[in-house]
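Structure first, then comments.
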Amino acid sequence: DQQVKQNSPSLSVQEGRISILNCDYTNSMFDYFLWYKKYPAEGPTFLISISSIKDKNEDGRFTVFLNKSAKHLSLHIVPSQPGDSAVYFCAASDRNRDDKIIFGKGTRLHILP
Amino acid sequence: DVKVTQSSRYLVKRTGEKVFLECVQDMDHENMFWYRQDPGLGLRLIYFSYDVKMKEKGDIPEGYSVSREKKERFSLILESASTNQTSMYLCASSSLAGGADTQYFGPGTRLTVL
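As you go down the protein sequences, you meet chains A and B in turn.
Every letter in the first sequence is one number past the one before it in this note's numbering, and letter 82, counting from 1, is 82.
Every letter in the second sequence is one number past the one before it in this note's numbering, and letter 77, counting from 1, is 190.
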């Protein structure tokens, strides 16, 4: 049973445009959400996170939006740059339960020149 | 900066061999994790540890064991490697401080079992 779903395996976006990566979750107890970025042959690197008490968190070109009623979050990258081409993992945690993070299957983002 | 290191970037082993994957973190983190990443399956948790000598099974522990004798070191052991254990193995650590769950990952070990 997949608790964190990234329904788009891949996404292509023109350089300079906005990239929007989506993520849905099923467990209403999740209270902390994260996005990781992964290049081939490297470990994932933490990108941005959001607590369930917020609906938006912004860090430079990256913004995460959380819609708790829809159990949906999205990562916006604007403007998209060639170095943004990577696999993006959405992840969620129930911090009242334990320190485990549940990861989605990832979305491969291609930034087109 | 948090640093998580893994003993090998690439490893090739034969079926039936015993395989040790080592992970070391230098930030005094309490939690350490082992994942495997496979195409189309994302990151799957194998084992994790909250403290020295403590271990908990993740989602796919079969065929694996772990050891945490020191706080900074978490080892993943494949008792008898099989071809279906060919994968990218990722170690991560996180701190209990502040309740934050941000995990920091090592560079990964790509294991091929022939």
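Every residue gets a Cβ at the ideal spot worked out from N, C-alpha and C, and that includes glycine.
Quantities reported herein were computed from a predicted structural model and do not represent experimental measurements.
Kindly say whether G83(A), judged by its beta-carbon, lies nearer than 8 Å to any beta-carbon of chain B.
Residue mapping note: residue 83(A) aligns to position 83 of the first sequence, counting from 1. Residue contact with chain B for G83(A): absent (no Cβ-Cβ distance below 8 Å to any residue of chain B).
If you count every other CB in all the chains shown that lies within 10 Å of the CB of G129(B), and 16 or more means buried, which is it?
Taking the second sequence and counting its residues from 1, one reaches residue 129(B) at position 16. Flag for G129(B) reads exposed.
Going along the chain, which residues of its own chain have a beta-carbon closer than 7 Å to the beta-carbon of D84(A), five neighbours each way excluded?
Residue mapping note: residue 84(A) aligns to position 84 of the first sequence, counting from 1. Excluding sequence neighbours, D84(A) sits near S19, I77, L109 and I111.
9 Å Cβ cut-off: residues of chain A touching F218(B)
On the second sequence, position 105 is the one that residue 218(B) refers to. Neighbours of F218(B) on chain A, chain order: Y36, K38, E42, G43, P44, T45 and F46.
Residue span of the beta strand (DSSP E) that contains Y88(A), given as start and end
Within the first sequence, numbered from 1, the residue matching residue 88(A) stands at position 88. For Y88(A), the enclosing beta strand (DSSP E) starts and ends at A86 to S93.
With H, G and I counted as helix, E and B as strand and the rest as coil, what does DSSP make of G211(B)?
Reading the second sequence from its first residue, position 98 is the one you call residue 211(B). Since pLDDT at G211(B) reaches only 47, below the 50 mark, its modelled position is unreliable, and no value is offered.
Is the Cβ of G212(B) closer than 8 Å to any Cβ of chain A?
Locating residue 212(B) in the second sequence gives position 99, counting from the first residue. A caution first: G212(B) carries a pLDDT of 49, below 50, which makes its placement in the model unreliable, though a value can still be read off. Yes, because at least one Cβ of chain A sits closer than 8 Å to the Cβ of G212(B).
Verify whether the separation of the beta carbon atoms of P117(B) and Y217(B) is less than 8 Å.
Mapped onto the second sequence, residue 117(B) falls at position 4. Mapped onto the second sequence, residue 217(B) falls at position 104. Note on residue identity: the sequence assigns Val, not Pro, to residue 117(B). Yes, the pair counts as a contact, with Cβ atoms nearer than the cut-off.
Taking K100(A) as the query, report the chain B residues whose CB atoms sit under 7 Å from its CB, ordered along the chain.
Position 100 of the first sequence holds residue 100(A). Neighbours of K100(A) on chain B, chain order: L158 and F161.
How many angstroms separate the CA atom of E175(B) from the CA atom of C90(A)?
As a first step, residue 175(B) must be located in the second sequence, where it is residue number 62. As a first step, residue 90(A) must be located in the first sequence, where it is residue number 90. Each residue's Cα considered, the two are about 25 Å apart.
From the DSSP output, which residues share a beta bridge with M68(B)?
The structure shown does not extend to residue 68(B), since chain B is modelled only from 114 to 227, so the question has no answer here.
With a CB to CB cut of under 6 Å and the five nearest residues on each side skipped, what residues in its chain are close to G212(B)?
Position 99 of the second sequence, counted from the first residue, corresponds to residue 212(B). Its pLDDT being 49, under 50, G212(B) is placed unreliably by the model, and the measurement read from it follows with that caveat. Leaving aside the five residues that flank G212(B) on each side, none in its chain has a CB nearer than 6 Å to its CB.
Residues in the same chain with beta-carbon distance under 6 Å from K37(A), minus the five sequence neighbours each way, listed in chain order, please.
Sequence index remark: in the first sequence, residue 37(A) carries index 37 (1-based). For K37(A), where only same-chain residues beyond five positions count, the Cβ hits under 6 Å are T45, L47, A86 and Y88.
Starting from D151(B), follow its DSSP beta bridges and name the residues at the other end.
Mapped onto the second sequence, residue 151(B) falls at position 38. Under DSSP, D151(B) takes part in a beta bridge, and its partners are G155(B).
Determine, using beta carbons only, whether G104(A) comes closer than 8 Å to chain B.
What you label residue 104(A) is simply residue 104 of the first sequence in a count that begins at 1. Output row for G104(A): interface = yes.
Please say whether D31(A) and S51(A) have beta carbons closer to each other than 8 Å?
What you label residue 51(A) is simply residue 51 of the first sequence in a count that begins at 1. What you label residue 31(A) is simply residue 31 of the first sequence in a count that begins at 1. Contact: yes.
Report all residues from its chain with a CB closer than 8 Å to the CB of S8(A); omit the five preceding and five following residues, and keep chain order.
Indexing the first sequence from 1 puts residue 8(A) at position 8. L21, N22 and T107, listed in sequence order.
Compare the beta carbon distance of V4(A) and F65(A) with 8 Å and say whether it is the shorter of the two.
Within the first sequence, numbered from 1, the residue matching residue 4(A) stands at position 4. Within the first sequence, numbered from 1, the residue matching residue 65(A) stands at position 65. Between V4(A) and F65(A), the gap from beta carbon to beta carbon reaches 8 Å or more.
Three-state class that DSSP yields for Q198(B) in the structure shown
The residue labelled residue 198(B) in the question sits at position 85 within the second sequence. Here Q198(B) sits in helix by DSSP.
Mind checking which residues open and close the beta strand (DSSP E) that includes Q2(A)?
Taking the first sequence and counting its residues from 1, the one referred to as residue 2(A) is at position 2. Annotation for Q2(A): no beta strand (DSSP E) segment contains it, and DSSP assigns it neither H nor E.
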